[in-house]
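Report on the structure given below.
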Amino acid sequence: MTVASSSAGASTGAGVVAEERRPAEVHRLEIHHFFVALVAFGLGAATAIMQSLSRADFDLPMRSEKMYYISVTAHGVLLGLVFTTFFIMGLGYLLARRCLGRVEWERLAWASWYLAVGGTLMTTLAILSGSSTVLYTFYPPLQAHWSFYVGATFLVIGSWGWCAVLLRSLVVWRRENRGVPVPLPVHGMVATAIVWILATSGLAVEVLTMLVPWSLGLIDKVDPVIARTWFWWFGHPLTYFWLVPAYVVWYTIIPRHVGGRLFSDSLARVVFVMFILFSTPVGFHHQFSDPGIDSGWKMLHTVTTYMILFPSLVTAFTVIASFEVAGRLKGKKGLFDWIGALPWRDPFFASVALAMLSFAVGGFGGAINAAYAMNAMVHNTAWIHGHFHLTVGTAVALTFMGLCYWLLPRLLGKQLVLPRLAAAQPYLWFLGMLLFAVVNHWTGILGMPRRVFSARFLGAEVARSWETWTVVSAWGGVVLFVSALAFLVVVVGTALFGRPISAPALDFAEPLEPAAPSGVWDRFLLWFGVAVVLIVVAYAVPLYHLYTMQRFPSPGFTPF
Amino acid sequence: MKVDLYERIWLWLASGMIAAFLFAVVVGATSHAVHPPSHVEVVDPAKVYSDSEFATDLGVTPSADGGVTVRMVARNYVFDPPVVHVTAGQPVTFRMTSPDVVHGFQVVGTNANAMVIPGYVTQFTTVFHQPGEYLVVCNEYCGLSHHLMQGRLIVEEVAP
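Laid out in structure tokens, this is it:
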């Protein structure tokens, strides 16, 4: 057996070596990442159900304010940060290995995995101990235990290792393949890594210069508005760090899976580049209601936020057109009959199609959130968690769940167990989100705030108008929980008891017209540079003002 | 770059829609002066109750524009004062701050919705047209009893 699939092995025909080894051996690194992601998913789902029941004031045995706010923190961190980051890292390694024929610096990749797992454990323990109930936005002056921030830092440093491995693999591949367009799946993952580097630079400033020394007692006070500004420098591109990998699946995997072609390769590249450019200089649309930031800068961030609608609208067309191609190839000729020809009983396709449908609704909700003044109608109401359960909670999470059904046979060489349960699971998730997320949009419009243990407000009259809806949303939570369990049963069942089969190939969609030679949309350094310029334009002056004006920073407060 | 005709039409429609959204935002901001609360002013959170306008002038006072100024402190887990009376149709300028953590100030059923952040003064002006009793909630998590933090805004009819 070779020592490791190092660069030397890759250049002398890694493909041949890989064919001889079991897929589970070749993809050990990826499987380790997916494993952590799924454990985090299970824990995150378990903390969720009690929250939706609590808001509707169901009297449950374990229910208490403390449990509720701890579980909101755990849910946000485990699903928003841990599940997504590990899943995306696993996907990135897999696509690099398959499409570039290599994962360079694999030792760094393993070291990063250990560091990220260690950090995750540290943060999770800090949350469960009750010392760090600051929710996943951790706005100071609420102060968590230092291990909460330090653990999160390790997770992020681990993800930087992933970025380095991915970029290094691309550079080495390019040296050997001059003029060849970057394989589209890798193009999207590299865009993801660049978005992540831009995003986490802001988080690093907040955590390393403010929150870690502050929680260790090295500095007494931090400024909450400056901290929030760095947080949202990170917080919005974070959502594209989640979304772009889902788009990679939509563009490059699902069209092939349903027997179609990718409608346009070059537009997909434009889309990924636009996410590099416009993901980050938009953070003030999360701070519209904050004092301390002049409205002119908020307006500028509104404009850049709307720019980012464009790549998603392109995606809607291209991916649906790719589905139509699949239907036409099956001989359908009518205006809409190709829709019926798509494999709606296939859990992977159903997941992606329902994810896209949710994103169409969630995307327009996002346009309302970003609308400068209209935001006041929905800011910090239940609308907000309704919104991100349609976007990250369905568009991204359901795509990833669906992808697991595709990955399991290919990575483990096992046939899916309980195929009927798997086929029903995406529909259950979609139904759960109709009840939970869509309804929370409505209660948000009616004025119900987010993140409340109980929405009764001591029997205030207007709060009574929310009651029916909080009960509907609680049932949505139950349906979602059942769906999450069904998913985990299929995944764990397949891993343990799946019938061994020869692993199907990891194949990607061919474009309708062959990809053009490597052009300007493959020049990542250029686009990274443009993105940095846009960020400087959006943030330099307001941050300069905040740092130089007279301020009164805050000492820490522990929530309870 | 070669783009399919239908896709090109779609891209123009998408661009048109985004332009329309932005146009609406810019028109609202420029001709109707619709802005989010973005006041820039600081206050020492340690001295809110000892050495600031919030120590002496809490509640409703007449202001220069013919309306009233409402000074409030949001703190764990109350709005101080908890009940505020204003008159319908009259400009109301809110000035608020927090001596502890970040709070939200949301008058349910209206567009009055702003963050209250220690060290800063939140200020915005609005008009309430509908008389009635409004629930005020804190919409930013502030601790164990966040969901109990509430106040009332009573909008009274204009005296005949």
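Here the protein sequences line up with chains A and B, keeping their order. Using this note's numbering, read the first sequence as starting at 796 and increasing by one per residue. Using this note's numbering, read the second sequence as starting at 228 and increasing by one per residue. Every residue gets a Cβ at the ideal spot worked out from N, C-alpha and C, and that includes glycine.
Going by DSSP, what residue range makes up the beta strand (DSSP E) through proline 289/B? 286-289
Residues near alanine 851/A in its chain [Cβ-Cβ closer than 6 Å; skip 5 each side]: Thr1265, Val1266, Ala1269
Name the chain B residues whose beta carbon is nearer than 7 Å to that of phenylalanine 836/A? Chain B residues near phenylalanine 836/A: none, gap ~24 Å exceeds 7 Å.
Taking a cut of 9 Å between CB atoms, which residues from the segment 1073-1099 of chain A lie near chain B? Gln1082, Phe1083, Ser1084, Asp1085, Pro1086, Gly1087, Ile1088, Asp1089, Ser1090, Gly1091, Trp1092, Lys1093, Met1094, Thr1097, Val1098
If you scan the segment 266-352 of chain B from start to end, which runs of the beta strand (DSSP E) of 3 or more residues do you find wholly inside it? 286-289, 295-302, 305-307, 310-314, 318-324, 330-334, 340-343
Same chain, Cβ closer than 8 Å to leucine 375/B, neighbours up to 5 away in sequence not counted: Tyr304
Just grab the DSSP bridge partners of glutamine 377/B for me. Val364/B
Quick check: the Cα distance between leucine 371/B and glutamate 860/A, rounded to an integer number of angstroms? 6 Å
Please report the residue range of the alpha helix (DSSP H) in which glycine 243/B lies. 232-258
What's the gap between the Cα of alanine 904/A and the Cα of isoleucine 826/A? 13 Å
In the DSSP assignment, find the unbroken alpha helix (DSSP H) run with aspartate 1132/A in it and report its ends. 1132-1135
Paired residues, beta bridge with valine 1120/A - DSSP: None, per the DSSP bridge assignment.
With a threshold of 16 other CB atoms inside 10 Å of the CB of isoleucine 1296/A, please say whether the residue is buried or exposed. exposed
Can you tell me which residues form a DSSP beta bridge with serine 1349/A? Val1017/A
Examine chain A for any beta-carbon lying closer than 9 Å to the beta-carbon of alanine 339/B, and answer yes or no. yes
Only counting the same chain, and skipping five residues up and downstream in sequence, which positions put a Cβ closer than 6 Å to that of valine 343/B? Ala301, Met323, Ser325, His330, Phe332, Thr349
Provide the residue span of the alpha helix (DSSP H) that contains proline 1337/A, from first to last. 1319-1343
Could you give the distance in angstroms between the alpha-carbon of asparagine 1164/A and the alpha-carbon of valine 1233/A? 15 Å
Spatial neighbours of aspartate 1018/A within its chain, please: C-beta separation below 7 Å, excluding the five flanking residues on both sides. Arg1346, Pro1348
Can you tell me the Cα-Cα spacing of arginine 963/A and serine 907/A, whole angstroms? 15 Å
Buried or exposed by the 16-neighbour rule on C-beta atoms within 10 Å, applied to proline 750/A: With chain A covering only 796 through 1355, there is no way to say anything about residue 750/A.
Name, going along the chain, the residues of the segment 924-942 of chain A whose beta-carbon falls closer than 7 Å to a beta-carbon of chain B. Leu930, Tyr934, Pro936, Leu937
Applying the criterion that 16 or more other CB atoms from any shown protein chain within 10 Å of the CB defines a buried residue, is isoleucine 1071/A buried or exposed? buried
Using a C-beta cutoff of 9 Å, does glutamate 860/A count as contacting chain B? yes
Sequence-distant residues of the same chain with beta carbon closer than 8 Å to aspartate 278/B, five excluded per side: Asp271
Given that a residue counts as buried once 16 or more other Cβ atoms are within 10 Å of its Cβ, and exposed if not, what is tryptophan 1037/A? buried
Identify whether glycine 359/B lies in helix, strand or coil by the three-state DSSP scheme. strand
Decide if the segment 1208-1220 of chain A is in contact with the segment 1113-1131 of chain A; the criterion is three or more beta carbon pairs, one per stretch, under 8 Å apart. no
Kindly indicate which three-state DSSP category proline 1076/A falls into: helix, strand or coil? coil
For chain B, is any of its Cβ atoms less than 9 Å away from the one on valine 977/A? no
I want to see whether chain B comes within less than 9 Å of glutamate 1308/A, judged by CB atoms only; does it? yes
Determine the chain A residues that contact alanine 301/B at a beta-carbon separation under 9 Å, and present them in chain order. Per Cβ cutoff of 9 Å: no residues; alanine 301/B is ~12 Å from chain A at best.
Report the residues of the segment 1166-1200 of chain A with a CB closer than 7 Å to any CB of chain E, ordered along the chain. Although the question refers to chain E, the structure presented lacks it and instead comprises the protein chains A and B.
For tyrosine 1339/A, decide whether its Cβ has a neighbour in chain B, counting only Cβ atoms nearer than 9 Å. no
Considering lysine 229/B, what are the terminal residues of the alpha helix (DSSP H) in which it resides? No alpha helix (DSSP H) holds lysine 229/B; DSSP gives it neither H nor E.
Quick one, which of Ala260/B, Thr288/B, Gly293/B has its alpha-carbon nearest proline 318/B's? Gly293/B
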